[in-house]
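*Asks:*
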Amino acid sequence: MDEKIIMQEKNHRISDIKEELKSIQDGKLDGFIKKYDEDTRSGVVKLVDTAKKRMEKYEDELLRTENLKKYEKQYKDYGYICGIDEVGRGPLAGPVVACAVILPVDCDILYINDSKKLSAKKRNELYDVIMEKAVSVGIGMASHERIDEINILQATYEAMRQAVSKLKPRPDILLNDAVTIPEVDIKQVPIIKGDAKSISIGAASIVAKVTRDRMMVEYDSMFPGYDFASNKGYGSAEHIAALKEIGPSPIHRKTFIKNFVND
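If you want this note's numbering, it's the 1-based position in the sequence shown plus 32.
#1: Should Gly172 be counted as a contact of the ligand GDP given a C-beta to heavy atom distance under 7 Å?
#2: Among the residues of its own chain, which have a CB less than 6 Å from the CB of Val119, if the five just before and after it don't count?
#3: Please report the residue range of the beta strand (DSSP E) in which Asp117 lies.
#4: Return the Cβ separation of Gly126 and Ile283 in integer angstroms, given the expectation that the two are a contact with Cβ distance under 8 Å.
#5: Excluding five sequence neighbours on each side, which residues of the same chain lie with their C-beta closer than 6 Å to the C-beta of Ala187?
#6: Determine the contact status of Ile278 and Gly265, defining contact as a CB-CB distance below 8 Å.
#7: Is there contact between the stretch 248-255 and the stretch 150-166, where contact requires at least three CB pairs shorter than 8 Å?
#8: Give the single residue among Thr82, Glu104, Val293, Gly170 whose Cα lies nearest to the Cα of Val221.
#9: Can you give, in chain order, each stretch of the alpha helix (DSSP H) that sits fully within the stretch 63-129 and has at least 4 residues?
#10: Looking only at DSSP bridge pairs, what is Cys139 linked to?
#11: Throw me the rounded Cβ distance for the Ile213 and Arg193 pair, which I believe falls under 8 Å.
#12: Could you give the first and the last residue of the continuous alpha helix (DSSP H) run that contains Asp245?
#13: So, is the C-beta of Tyr251 closer than 8 Å to a C-beta in chain B?
#14: Tell me, which residues are paired with Thr208 by DSSP?
#15: Sort Ile116, Tyr110, Asp81 by Cα distance to Glu190 and report the nearest one.
#16: What does the alpha-carbon distance come out to for the pair Arg45 and Ile65?
#17: Could you work out which residue in Cys131, Leu135, Pro136, Val293 is closest to Ser147 when comparing CA atoms only?
#18: Is DSSP giving His271 helix, strand or coil here?
#19: How far does the alpha helix (DSSP H) with Ser147 in it reach, from first residue to last?
#20: For the alpha helix (DSSP H) holding Ala152, just list the boundary residues, first then last.
#21: What are the start and end residues of the alpha helix (DSSP H) that includes Ser197?
#22: Do Gly226 and Leu206 count as a contact pair if the criterion is CB distance below 8 Å?
#23: Kindly confirm or deny that the stretch 136-147 and the stretch 93-108 touch, where touching means at least three C-beta pairs closer than 8 Å.
#24: Would you say Ile144 and Ala235 are within 8 Å of each other, going by their C-beta atoms?
#25: Between the Cα of Ala261 and the Cα atoms of Met163, Ala152, Arg285, Lys165, which residue gives the shortest distance?
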């Protein structure tokens, strides 16, 4: 056997190298590649190739994330920049939840996107990172009763104002997902599909989604039969069937379910 291969096998077993690759952070892949690039064993060659592909994806993500900061860079002279988004305008049950987030200027959080484009697992992972690294996070919500009382649009605005009011420090500019919030004396920039175009709005969409989803899971145990843990209050076929059979729960929006239940 070639002396070089014998030394490679002696110093680094392929199984150990595989575990090393599994545990290494994306930002440190370059060191892994340099370390094993000259190892001629076929198993190691495949692992290095895997590392190179991972590194390409990582570099693409770095570029995508940098592009997500377009609006944050455009308005950087304003000071504290806040991203705002909501979740829960469409469901038949539960609250509408809004989130306002101020991220650090040098924000290095990767994989932020429109929360609907992320898996539940990824959203939960990013929720923890955002909550840890954000300058400030504010949550606002309007209950099903409030939605019935003032309508979903006004309830959404109310939840957004609550979220902004909880931020410390006070933001100097708001980047909003598509809307302009009434009764707010802070400069606002509405951005269509902003949760996929602004890192701040994307972060807000993730925190709002995770917050509301966790609430609906709790409601599922309180009001069984509607599968709130799965449908999160949205009008799935199973949810509507249960609504017709069981009748409304205490958290259903009366103005949203008129077509499915008798008065």
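Glycine included, C-beta positions come from ideal geometry on N, C-alpha and C.
All of these numbers come straight from a predicted model, not from anything done at the bench.
*Replies:* Checking against the coordinates, here is how it stands:
#1: Among the ligands in the structure shown, none appear at all, so the ligand GDP cannot be discussed.
#2: Within the same chain, Cβ atoms closer than 6 Å to the Cβ of Val119 are found at Val129, Ala240, Lys241, Arg244, the five residues on either side in sequence being excluded.
#3: For Asp117, the enclosing beta strand (DSSP E) begins and ends at 113-119.
#4: Rounded, the Cβ-Cβ distance is 6 Å, consistent with contact.
#5: Correct list, in chain order: Val128, Ala174, Arg178, Ile179.
#6: Contact: no.
#7: With contact defined as three or more Cβ pairs closer than 8 Å, the stretch 248-255 and the stretch 150-166 are not in contact.
#8: Ranking the options by Cα distance to Val221, first place goes to Glu104.
#9: Entirely contained in the stretch 63-129, the alpha helix (DSSP H) runs reaching 4 residues are, in chain order, 74-99, 102-106.
#10: Assignment of beta-bridge partners to Cys139 by DSSP yields no partner.
#11: Right, the Cβ-Cβ distance comes to about 6 Å (below 8 Å), so this counts as a contact.
#12: For Asp245, the enclosing alpha helix (DSSP H) has its first and last residue at 231-254.
#13: In summary, chain B is missing from the structure at hand, where a single protein chain is found.
#14: The residue asked about is misnamed: residue 208 is Asn in this sequence, not Thr. Asn208 has Ile116, Pro222 as its beta-bridge partners, per DSSP.
#15: For Glu190, the nearest C-alpha among the options comes from Ile116.
#16: Cα-Cα distance, rounded: 16 Å.
#17: Closest option to Ser147, Cα to Cα, is Cys131.
#18: Looking at His271 - three-state DSSP - the assignment turns out to be helix.
#19: DSSP places Ser147 in no alpha helix (DSSP H); its state is neither H nor E.
#20: Membership of Ala152 in the alpha helix (DSSP H) is indicated by the continuous run 152-165.
#21: If you look at Ser197, you'll find it in the alpha helix (DSSP H) that goes 184-197.
#22: No, these two residues do not count as a Cβ contact at 8 Å.
#23: Taking 8 Å as the limit for Cβ pairs, the verdict is that the stretch 93-108 does touch the stretch 136-147.
#24: Taking C-beta atoms as the reference points, Ile144 and Ala235 count as a pair closer than 8 Å.
#25: Among Met163, Ala152, Arg285, Lys165, the Cα nearest to that of Ala261 is on Ala152.
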